[in-house]
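Quick note: to get this note's numbering, add 863 to the position in the sequence shown (first position is 1).
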Amino acid sequence: MDDRPEFASTQAILYGPYLLAGHSLAGDWHLKSGANNSEWITPVPASYNSQLVSFSQYFKNSTFVLANSNQSLGMQKFPKSGTDMAVQATFRLVPKESSSKFSTLGDGNDRSVMLEPFDLPGMNVVHQGADKALVIEDSSKGTASSVFVVVPGLDGRNGSISLESQSDKGCYVYSDLSSNAGVKLSCKSDSDAKFNEATSFISQKGLSQYNPISFVAKGVNRNFLLEPLLSFRDEYYTVYFNIVG
């Protein structure tokens, strides 16, 4: 036991025999506790696994995935499972209407959804207007720019989808891999094959999945996804937290 006062709030979290670790990349380890456990740490429902998705595009004999990197979106080469990049390339389709339920990934088609990064519960992908980058923002702000409609892919391919902004009709999540310009919101002006291709993605089961023993813990700066340490492979994590009241 460490008796130094500066480490009095440093704790690990056990769930029965399991040591819980939090997905963490930037060195953030600050949790905010409540009067009782249910106020600051809640289990992840098993049904949420059906809402996890990864989006990919094929370019020059390689597959690329949509991924969160430093609070903005970009395209990265298809990652190996059990890596941080696989985590960052996984999103949860959060139905805009709380009454909506997804039992399969296909249930998200033609629905209004928000995209929550797998390792950043409580955050959403938002657009900043036409021709501007997509970024990650706290969902508590409730901005209309965080809502997208899953529509059939504009390229017409079987199984592809496009993500249309609900607030800016006719504007879609756009990735121009040929120019390495990143991911942005782009608006359709005419029938352009390049535009249709750049706004179409193959959606698949999320490259990362929730462990059956998963929790969301409220943080000072952002929330944490907690899972048993033994379930981590090559991802960044922290097992110690600075827990403040």
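Every residue gets a Cβ at the ideal spot worked out from N, C-alpha and C, and that includes glycine.
| said: One question on the structure: do Lys1051 and Val916 come within less than 9 Å of each other, judged by their Cβ atoms? | reply: Not a contact, by the Cβ cut-off of 9 Å.
| said: Can you tell me whether Leu1143 is buried or exposed? The criterion is at least 16 other CB atoms within 10 Å of its CB, across all chains shown. | reply: No answer is possible for residue 1143: it lies beyond the span of the chain, which begins at 864 and ends at 1108.
| said: Need the endpoints of the beta strand (DSSP E) that Asn1105 sits in, please. | reply: Asn1105 -> beta strand (DSSP E) spans Phe1104 to Val1107.
| task | Please report how far the alpha carbon of Ile904 lies from the alpha carbon of Lys895, in whole angstroms. | result | Near 10 Å, if we compare the C-alpha coordinates of Lys895 and Ile904.
| What does a CB cutoff of less than 7 Å around Lys1047 pick up in its chain, not counting 5 residues either side in sequence? | If we look at Lys1047 and ignore the five residues flanking it on each side, its Cβ neighbours are Asp994, Lys995, Ala996, Leu997 and Tyr1037.
| From Gly1033, Pro980 and Ala930, pick the residue whose C-alpha is nearest to that of Gln914; which is it? | The shortest CA-to-CA distance from Gln914 to any of Gly1033, Pro980 and Ala930 is the one to Pro980.
| message | Per the DSSP calculation, Lys940 is bridged to which residue(s)? | response | According to DSSP, residue pairing for Lys940 in a beta bridge involves Phe927.
| said: Just to confirm, is the Cβ distance from Ser944 to Ser1071 under 9 Å? | reply: Yes, the pair counts as a contact, with Cβ atoms nearer than the cut-off.
| query | Of the choices Pro908, Leu888 and Asp891, whose alpha-carbon is the least far from that of Phe1078? | reply | Looking at the Cα atoms, Pro908 is the closest of the given residues.
| field | One or two residues paired with Glu1090 in a DSSP bridge | value | Answer is Ala884.
| said: Between which two residues does the alpha helix (DSSP H) holding Ala1098 run? | reply: The sequence shown places Glu at residue 1098, not Ala. It is not in any alpha helix (DSSP H) - Glu1098 carries neither H nor E in the DSSP assignment.
| task | With a threshold of 16 other CB atoms inside 10 Å of the CB of Ala1061, please say whether the residue is buried or exposed. | result | So Ala1061 ends up on the buried side.
| query | Count the other CB atoms within 10 Å of the CB of Pro1075; is the residue buried (16 or more) or exposed (fewer)? | reply | By the beta-carbon neighbour count (other beta carbons within 10 angstroms, threshold 16), Pro1075 is exposed.
| request: Note down the Cα distance separating Gly890 from Arg1096, rounded to an integer number of angstroms. | output: Roughly 18 Å separates the two Cα atoms.
| Inter-residue Cα distance where the pair is Ala930 and Ser1025 | CA-CA distance, Ala930 to Ser1025, rounds to 16 Å.
| field | Bridge partner(s) assigned by DSSP for Asp982 | value | DSSP output for Asp982 lists no bridge partner at all.
| said: Is it buried or exposed, Glu1027, if we count other Cβ atoms within 10 angstroms and call 16 or more buried? | reply: Buried is the call here.
| task | Pull up the distance between the alpha-carbon of Phe1104 and that of Ala875, whole angstroms please. | result | Across the structure, Phe1104 and Ala875 are spaced so that their CA atoms are roughly 6 Å apart.
| Where Pro1015 and Tyr881 are concerned, what is the direct C-alpha to C-alpha distance, given to the nearest angstrom? | If I take the Cα positions, the gap works out to 42 Å.
| For Asp1039, three-class secondary structure by DSSP | Coil, per DSSP.
| DSSP-derived helix/strand/coil call for Ala996 | Note: Ala996 maps to strand in three-state DSSP.
| said: By alpha-carbon positions, which one of Asn912, Asp1001, Pro958 and Leu956 ends up nearest to Ser935? | reply: Minimum Cα distance to Ser935 is reached at Asp1001.
| query | What's the gap between the Cα of Ser887 and the Cα of Asn933? | reply | So the two alpha carbons sit approximately 12 Å from each other.
| said: For Asp982, which residues in the same chain have their Cβ closer than 6 Å to its Cβ, ignoring the five residues on either side in sequence? | reply: Within the same chain, His886, Val950 and Leu1088 come within 6 Å of Asp982 by CB-CB distance, once the 5 residues on both sides are set aside.
| DSSP three-state call for Gly1019: helix, strand or coil? | Looking at Gly1019 - three-state DSSP - the assignment turns out to be coil, as it is neither helix nor strand.
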